[in-house]
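Let me begin by presenting the structure, written as C-alpha cells, before commenting on it.
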Amino acid sequence: MISYYRMLQQGRGRSVEAGAFGDAQECQSAISILLSKLHPVGRVGKSGKRNYLEMRTWDLSQKAFFHLLERLDVNPTLAGEEYEKLRSKLIFFFDRKGCPIPNELCDETINRVAQKIGEGCEIPDLLKFSLGVARLVLLEYWNDPKKDWDQLDEQLAVPAIDREDFEEQRFECMKKCLQSLSSEDRDLIVKNCSLDKNGKLEMAATMGLTMNALRLRVFRIRAGLRVCCEKCIRARKEVASRSRAL
Amino acid sequence: MEQISHNEQVIFRYLLNELSEEEQARFEEDYLRDDSLFDQIRALEEELLEDYVKGDLSGPARLRFERHYLASERSRERVRATRDLIQICSFESNARKVPNHNLERWGSPLGARLRLMAKQPLGLGLGMAAALLLIFGLGSAVELLRLRMRLATFREERAVFEQRAYEAEHQLAGERERLNAERAEIASLRERLIRDNNQSGRPGPERVRTRTSANQTALLALTQGMRSFSRPARIAISAGTRFLDLQVNLEEQEAAKPRSYRAVVKTVEGDREIWIREGVKPRRSRSFPLVVVRVPVDRFQAAGKQDFMLTLTAPATGEKNDDEVDILYFQVTFK
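Encoded structure:
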C-alpha cells in the first residue's frame, strides 16, 4: 500500500521484487502507517525494464484500491491483513498452475477486482469473484503470444558463478537464521528434518500434538525462517553492491 | 472464515495436479475461503518438498512432482532452499549426537553401555571398536544423505530440461494450431465469398471451397448441419500434399457447450475407419466455432475410395450415450 501510494505519485506501476519492507521505512504517510505491511500492487508486464506481456493490463486508482480494502474489512488493520491473505492465496494459485510470474498476475487480478468494486459493481461474493478473475487472467496469460519466453531466456542466461554465489549466500543465511531461532524452535526444526514419518508421529505424540498441529507448527517456524533468510540475502546483496561501488 | 475439511490425500493430489478440473476448482474455492485449510496445504507442501529432497517419494509420485511441481522457477527455488535446510539440520543433528567426537559425553543408553564396557580390560578394545563403528556409521549416513541430495539435484535439473522441452513443443504445437486456424478462417471466408457470389449470380469456382497449398497441407472446409450426401464437398489433392485438414464450421450453439470431440473418418462404401482422433478441441474463429482434424493423405490413398464421411461425436458424460454432433460427407480425388 505504501508503495502503492508512492506508485500513484510516480504515476506508474513498479516491480514487486522491491517489496513492502523497504517501502515501509521510506514512506511517512498516515495511510502507510495504517497499512504498513501490505505488499504493493503493480502492473503486469512492468517487471523491471521490460514489457513481458501483450495482454491488456488494468491500472488501479487509489480510490478503487481503498474500496477494495473497505470491502475486505471495515477496520483498516484487519482489511490490510485480509488483503495480504488474499494476495498470498492468489500467488499460490498462480504458482500451482505453473505460472512463472505469479506475483505479477496476482497484482493484475487484484487491480481488476478493485477496479470493478470502484466502478460500483455488485459483487456478492468477493472471494469467488476474485478467483474467477484470477482464472481469466491466467487464461489470458497462457494465450499471450509474448508470455514468458523472454524470461526463460533470461533465466538460462544467468551465469553459473552468480548462481553459485547466490546458493552459497542462501546456505549461509539459512544457517545464520536457524541459529537465531529460540532453542526450542531450532530443536523442533532439526528433529523434524531428521525424522521419518513414523518418527514424526512419535514426536507429535510425545509433544501431545496431533500430526497436523505439529506440521502447522513446523510450517510457521519455517515460514519465519524463510523471511529471515530473504532479508539476510537482501542485506548481503546490498553490502556487496555497496562494496563494489566503493 | 469457514472451516472446510479435506483429507491429506486430496491436498497431496492437488499439489501433484492429480485432481480433475472440477475438483480442482472446488478445492481452490475452498482454500480461498478457509485460512486454516490454506495453512494446512502450505504445511503439507513443505512436507512434500522435504520428502522429495530426502528421496522418500514413491516412483510415480516423484515423477508427478518433477513434471508438475518443478515446472516453475519459484518451486525449484523452494526445493533448493529445503535441500539447504535439510543439509544444515543433518549436520546439526550429527554434531549433537557426537559433540566434538567426544565419546565420554554420550548420553544415549548405547553410549552408557559402551562406557561400562570400556571400564573392563577386554571391554576397552570392544568399546573402542564399537565407537569407531558408530562414527563410521554416522559418517556413512551423512555421506548417503549428501549423495541423495545430489541425486535430487540431478533429478531436478533433468525435470527442468524436460519441462523446457515440453514447453517448446507446446509452443510449437500452439503456433501450428494458430496457423491452421488462420488458414481455416481464410478458407471459410472464401467459402462465404463464393456463397455470396452464387447468390448474386456471379460465378463461384468450386476450387475456392478447397485449397491445396505449397506447404504440403490441403484444407477442406465442411459446415455442420449440411449433410450433402448427394453433393458432397470435394477436393483434388495434388502430388506432394501430405496432410488434409478437415475444417468443420460448427453451429453457434456448439460454442455454448465447450467440449472436446471424437473425430472418425470412414469410407462411405464399406464403412471402414481410416482415421480416428480423440479430444479434438474446438476453436473460435471471428464469427463461429470450428474444429480442424488433420488426416494424413496416404490414408485416403490407401483406402482406394473417393467418398468419405467424417463423424464428430462428443464423449458421453455420466450415463448418457455419446452425442453424435454431425456426419459430413466429402470426396477426395488425386490429381
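Protein sequence lines correspond, in order, to chains A and B.
Last residue of the first sequence: 246 in my numbering, with the numbers rising by one and none dropped.
Last residue of the second sequence: 335 in my numbering, with the numbers rising by one and none dropped.
The beta-carbon is built from N, C-alpha and C at its ideal position, and this holds for glycine as well.
What you are looking at is a predicted structure, and each value in this text was computed from that prediction instead of being measured.
task: Compute the beta-carbon to beta-carbon distance between residue 295 of chain B and residue 265 of chain B, rounded to the nearest angstrom, for a pair I have assumed lies under 8 Å.
output: 6 Å
query: Along chain B, in chain order, which residues have C-beta atoms closer than 9 Å to that of residue 252 of chain A?
result: In the structure as shown, chain A starts at 1 and stops at 246, and residue 252 of chain A therefore has no counterpart that could be examined.
- prompt: Since residue 219 of chain A meets chain B, which of its residues come closer than 8 Å, beta carbon to beta carbon?
  reply: 39, 42, 43 and 46
message: By alpha-carbon positions, which one of A/188, A/194, A/229 and A/222 ends up nearest to residue 255 of chain A?
response: This structure does not reach residue 255 of chain A, given that chain A is present from 1 up to 246, and the question cannot be answered.
field: Contacts around residue 138 of chain A, its chain only, beta-carbon distance under 7 Å, and the 5 residues preceding and following it disregarded
entry: 94, 97, 99 and 105
message: Between residue 132 of chain A and chain B, is any beta-carbon pair separated by less than 7 Å?
response: no
Beta-carbon neighbours of residue 11 of chain B, restricted to chain A and to distances below 7 Å: Within 7 Å Cβ-Cβ: nothing; residue 11 of chain B doesn't reach chain A, min ~11 Å.
message: For the pair the stretch 230-242 of chain A and the stretch 49-66 of chain B, tell me if three or more CB-CB distances fall below 8 Å.
response: no
- request: Check distances from the C-beta atoms of the stretch 162-177 of chain A to those of chain B and list, in chain order, the residues that come in under 8 Å.
  value: 167, 170, 171, 174 and 175
query: Who are the Cβ neighbours of residue 181 of chain B in its own chain at under 8 Å, not counting the five residues just before and after it?
result: 283, 285, 290 and 292
- prompt: Taking the continuous beta strand (DSSP E) assigned at residue 207 of chain A, which residues delimit it?
  reply: Unbroken run through residue 207 of chain A: none, as it is neither H nor E.
field: Separation of residue 48 of chain B from residue 203 of chain A, as counted between CA atoms
entry: 18 Å
task: Output the distance between the C-alpha atoms of residue 142 of chain B and residue 91 of chain B, rounded to the nearest integer angstrom.
output: 8 Å
message: Measuring straight from C-alpha to C-alpha, what distance separates residue 275 of chain B and residue 216 of chain B?
response: 19 Å
- prompt: Just reading off the beta strand (DSSP E) that residue 330 of chain B is part of, what are its end residues?
  reply: 323-334
field: Within the stretch 17-87 of chain B, ranges of the alpha helix (DSSP H) (whole runs, at least 4 residues)
entry: 21-33, 35-54 and 59-68
7 Å Cβ cutoff, residue 92 of chain B in contact with chain A: yes
- prompt: For residue 55 of chain B, which residues of its own chain have a beta-carbon under 7 Å away from its beta-carbon, when the five flanking residues on both sides are left out?
  reply: 148, 151 and 152
field: C-alpha distance - residue 200 of chain A paired with residue 184 of chain A, whole-angstrom precision
entry: 16 Å
Same chain, Cβ closer than 8 Å to residue 159 of chain B, neighbours up to 5 away in sequence not counted: 66, 67 and 70
- prompt: Looking at chain A, which residues of the stretch 163-181 of chain B have a Cβ within less than 8 Å of any of its Cβ atoms?
  reply: 164, 167 and 171
- request: Could you give the DSSP three-state label for residue 101 of chain A: helix, strand or coil?
  value: coil
task: Compare the C-beta of residue 336 of chain B against all C-beta atoms of chain A and say whether one is closer than 7 Å.
output: Any answer about residue 336 of chain B is impossible in this case: the structure gives chain B only from 1 up to 335.
- request: Please state whether DSSP places residue 221 of chain B in a helix, a strand or coil.
  value: strand
Per-residue burial, residue 196 of chain B [other beta carbons within 10 Å of its own, 16 or more giving buried]: exposed
task: Would you kindly work out how many angstroms separate the C-alpha atoms of residue 102 of chain A and residue 308 of chain B, rounded to a whole number?
output: 48 Å
message: What does the alpha-carbon distance come out to for the pair residue 79 of chain B and residue 14 of chain B?
response: 18 Å
field: Exposure of residue 298 of chain B, with buried meaning 16 or more beta-carbon neighbours within 10 Å
entry: exposed
message: Measuring straight from C-alpha to C-alpha, what distance separates residue 169 of chain A and residue 168 of chain B?
response: 32 Å
query: Looking at the C-beta of residue 29 of chain B, does it have a partner C-beta in chain A at a distance below 7 Å?
result: yes
message: Just verifying my parser: in three-state terms, what is the DSSP assignment at residue 106 of chain A?
response: helix
message: Just to make sure I have the definition right: I need the residues of chain B whose C-beta is within less than 7 Å of the C-beta of residue 194 of chain A. Which are they?
response: 89, 90 and 93
- prompt: With residue 325 of chain B and residue 316 of chain B assumed to form a contact (beta carbons below 8 Å), what rounded beta-carbon distance in angstroms separates them?
  reply: That belief does not hold up - the Cβ atoms of residue 325 of chain B and residue 316 of chain B are roughly 13 Å apart, past 8 Å.
7 Å Cβ cutoff met for residue 11 of chain B and residue 32 of chain B: no
query: With a Cβ-Cβ cutoff of 7 Å, do residue 46 of chain B and residue 92 of chain A count as a contact?
result: no
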